[in-house]
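Participant: Numbering (this note's numbering), first residue to last: 385 to 513. Pasting in a structure now, in structure tokens, and then I'll have a few things to ask.
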């Protein structure tokens, strides 16, 4: 299920208008409407707030937004120069010594660290209740 569909369904389950949820998020109704219609995407900070407001797991909310690759038909090959994944089904090769890949991996790790930090803060706030 897409993020925009999840947002609409969660809001409707609560019986809230777009204005109601926008007010709770401290944004305008047109901004929230853009999220529900897929014209824009909320920031990670707003996604965290949305998860808290709707009382849903953050990762369940964004699950469909995280790209996935099926490595079931893949093999890992290594030589002294560069380890690679060979994805047989699409005949693509991913080389781990690619500067672009390394940069993307580091960016993803930074994003995951921020997500984990936000999740920890959420858990701490829930434990205080």
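Every residue gets a Cβ at the ideal spot worked out from N, C-alpha and C, and that includes glycine.
#1: Does DSSP put residue 426 in a helix, a strand or coil?
#2: Is residue 436 helix, strand or coil when you go by DSSP?
#3: Does the segment 435-449 come close enough to the segment 415-424 that 3 or more CB-CB pairs lie under 8 angstroms?
#4: What first and last residue would you give for the alpha helix (DSSP H) that runs through residue 419?
#5: The alpha helix (DSSP H) spanning residue 444 covers which residue range?
#6: Taking buried to mean at least 16 other C-beta atoms within 10 Å of its own C-beta, is residue 497 buried or exposed?
#7: Can you grab the Cα-Cα spacing for the pair residue 505 / residue 499, in whole Å?
Facilitator: According to the structure shown:
#1: If DSSP states are grouped into helix, strand and coil, residue 426 belongs with coil.
#2: helix
#3: no
#4: 413-420
#5: Unbroken alpha helix (DSSP H) run through residue 444: 442-446.
#6: exposed
#7: 10 angstroms
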